[in-house]
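One structure is given here, and the rest of the page talks about it.
In UniProt numbering, the protein residues as written are 1 to 558.
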């Protein structure tokens, strides 16, 4: 048997493979002179099948492997450059079948897919930025347009990677790298976006898109549709490098939805928190979950307060709901605005403060009137309207119960609000056409006259006038979030350095920088100069010290 195998390989197989190579070298050259690469690939598929079939019928089974390798070498490996040159054309022309065939052939030879993976990544990068370029005017201000444009590109190429490239890990990685690039480089196109800090462009837009989905009034007919949209959000979120910035923007908007009872569904809110927790961990969503818990406890507290008032015969003159927010869990909702509350509201505040203090010894309540709102019924217009207004807006409107005209100085004195807080409130009432102004609102002196518009008319009998404050608050939110993120990042980086050094005891500068970046990459991409600055801060605080005689090495000080 051994003699037969040796004779077969030496006297037949060796010569057979040489002749096979010569035959296919000539056939490949002749075929490509008169046919396209797409047709050539079909021919290669046929030849590989035919050779296997002939081998099964006429040759020893041991010849199949060397014969297949020889055919692959001549017909595929030697033509890789041609394949690579056509690959981008196939991508541009959406020729999924040809791309799938090219993948199936190239994956048979060593290194056959390397150039294709790189070309796919480059192509997707370009397509992502090009797609956004086409809609940048709308995408600057429309979060839905922005997110859906990015999502369409990702979905298209995710399907291509699945259908044509069989989700091969290298092609999946190419898609991920490309998506990370064009999603985080949107600032190159959206230079006039509301958010000025380039790293927060996409995070801000995505958080605003989430808000539009989860807020009451969103055009989601079914829970399944909302869930599908939230899943699409997570597809984009996965690629955001600065997830801490998204966290701040999202939490701010989440807080406003909870405080204003604006959530479309508690189940949807919990679902989104769950998705973020699954991707980023417990710590990322811990405060969000506590905020959600606070709202439930607040409903119970408000109900108990109303029952207590009813049982003790106290008539507050209005229905009141109070939200008690834990200071350590909730984002800043703005500074406390000093204001002279109307009598009924002042009574409610006094009574609830006494009720709460009696139940919770040592706790201090700080009232945030700028985020408190209610309904105020009017009788001074042609129709009976109900205005949904923020507390400062209500306080101003109630000043016009007796006089129909007041000057800026009088309103300042009567409301006891600071000028910088009062101006946007008055501006919102002028925009709502409830008040008219003679003079400049910005000056707000005795020459600025405000008059109640007794001819006010609106098709709706219940009018939300809080929306006229939204734009100025949105601009302030951008500034607050960016400042908060910068301060928090410094502390997070310092904590990471301490944890690493506590374990390692001693580390070279370059290794420490690298490990800190790797450690924090899941939350944000720390910049090297900031990491260096944090190291210097920790040296000053005596957490670290430079090793004597080795200036580029640090040691941990217990």
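Note that beta-carbon positions come from the ideal geometry of N, C-alpha and C, so glycine has one too.
Pick from 349, 164 and 94: whose alpha carbon is nearest that of residue 367?
That would be 349, whose Cα lies nearest to the Cα of residue 367.
Going by the beta-carbon positions, is the gap between residue 183 and residue 210 smaller than 8 Å?
No.
Pull up the distance between the alpha-carbon of residue 28 and that of residue 5, whole angstroms please.
Those two C-alpha atoms are separated by around 31 Å.
When DSSP builds the beta bridges, which residues end up paired with residue 553?
The partner list for residue 553 (beta bridge, DSSP) reads 508.
In whole angstroms, what separates the C-alpha of residue 535 from that of residue 279?
Looking at the two C-alpha atoms, the distance is approximately 29 Å.
Classify residue 195 as helix, strand or coil using the three-state DSSP reduction.
With a pLDDT of 43 at residue 195, under the threshold of 50, the modelled position of that residue is not reliable, and no figure is offered here.
Cβ atoms of residue 390 and residue 370: under 8 Å apart, would you say?
Yes, the pair counts as a contact, with Cβ atoms nearer than the cut-off.
Is DSSP giving residue 407 helix, strand or coil here?
Reduced to three states, the DSSP call for residue 407 is strand.
Which of helix, strand or coil does DSSP assign to residue 438?
It is a strand residue.
For residue 529, count neighbouring Cβ atoms within 10 angstroms of its own Cβ and tell me buried if that reaches 16, exposed if not.
Classification for residue 529: exposed.
Taking residue 390 as part of the beta strand (DSSP E), name the residues at either end of that continuous run.
Start and end: 386 to 390.
Can you tell me which of 146, 217 and 125 puts its alpha carbon nearest to the alpha carbon of residue 173?
Looking at the Cα atoms, 125 is the closest of the given residues.
Can you tell me the Cβ-Cβ gap for residue 461 and residue 383, rounded? I've got them flagged as a contact below 8 Å.
About 6 Å separates the two Cβ atoms, so the contact holds.
With a cut-off of 8 Å on the beta carbons, I'd call residue 253 and residue 207 a contact; round off their distance for me.
Right, their Cβ atoms sit about 6 Å apart.
With distances taken from CA atoms, which of 481, 488 and 438 is nearest residue 200?
The shortest C-alpha separation from residue 200 is found at 481.
What do you reckon, are the CB atoms on residue 539 and residue 415 nearer than 8 Å?
The answer is no: Cβ separation not under 8 Å.
From the DSSP output, read off the bridge partner residues of residue 180.
Residue 180 is not bridged to any residue.
According to DSSP, residue 450 sits in a beta bridge with which residue or residues?
Answer by DSSP bridge pairing, in chain order: 406 and 437.
List the endpoints of the continuous alpha helix (DSSP H) containing residue 64.
Where residue 64 is concerned, the enclosing alpha helix (DSSP H) stretches over 64 to 75.
What's the call for residue 157, buried or exposed, on a 16-neighbour Cβ count within 10 Å?
The residue in question, residue 157, is buried, as its Cβ has 16 or more Cβ neighbours within 10 Å.
When DSSP labels each residue in this structure, what does residue 469 get in the three-state scheme?
Helix.
Unbroken alpha helix (DSSP H) runs of length 4 or more, entirely within the stretch 110 to 140: which are they?
Segments of the alpha helix (DSSP H) lying fully in the stretch 110 to 140: 114 to 134 and 136 to 139.
In the DSSP assignment, find the beta strand (DSSP E) that holds residue 300 and state where it starts and stops.
That residue, residue 300, is in no beta strand (DSSP E); its alpha helix (DSSP H) goes 282 to 311.
Starting from residue 260, trace the alpha helix (DSSP H) in both directions and tell me its first and last residue.
No alpha helix (DSSP H) holds residue 260; DSSP gives it neither H nor E.
Could you work out which residue in 438, 431 and 396 is closest to residue 418 when comparing CA atoms only?
Checking every option, the nearest Cα to that of residue 418 belongs to 396.
Cβ of residue 264 within 8 Å of Cβ of residue 299?
The answer is no: Cβ separation not under 8 Å.
Can you tell which of 108, 121 and 109 has its C-alpha closest to the C-alpha of residue 87?
Measuring from the Cα of residue 87, the nearest candidate turns out to be 121.
In chain order, what residues of the same chain lie with their CB nearer than 6 Å to the CB of residue 452, ignoring the 5 residues before and after it?
Here the set comprises 400 and 404.
Can a CB atom of chain B be found closer than 8 Å to the CB of residue 31?
Reference to chain B is not applicable here, since this structure consists of a single protein chain.
Please check the pair residue 512 and residue 543, which I expect to be a contact at CB under 8 Å, by giving their CB distance rounded to whole angstroms.
Going by Cβ atoms, the distance from residue 512 to residue 543 rounds to 13 Å, so no, they are not a contact pair.
Going by DSSP in three states, residue 426 sits in which element: helix, strand or coil?
The answer is helix: DSSP assigns residue 426 an H, G or I state.
Under 8 Å by Cβ, that's how I've got residue 531 and residue 516 pegged, so tell me the actual separation to the nearest angstrom.
The pair is a contact, with the Cβ atoms about 5 Å apart (cut-off 8 Å).
In the structure shown, what three-state DSSP assignment does residue 374 receive?
In this structure, residue 374 counts as strand in the three-state DSSP scheme.
Between the stretch 436 to 443 and the stretch 483 to 496, do at least 3 Cβ pairs fall closer than 8 Å?
Counting Cβ pairs under 8 Å, fewer than three are found: no touch.
Would residue 434 be called buried (16 or more neighbouring beta carbons within 10 Å of its own) or exposed?
It counts as buried.
With a cut-off of 8 Å, do at least 3 Cβ pairs link the stretch 286 to 302 to the stretch 324 to 337?
Contact between the stretch 286 to 302 and the stretch 324 to 337 is present, because at least three Cβ pairs lie under 8 Å.
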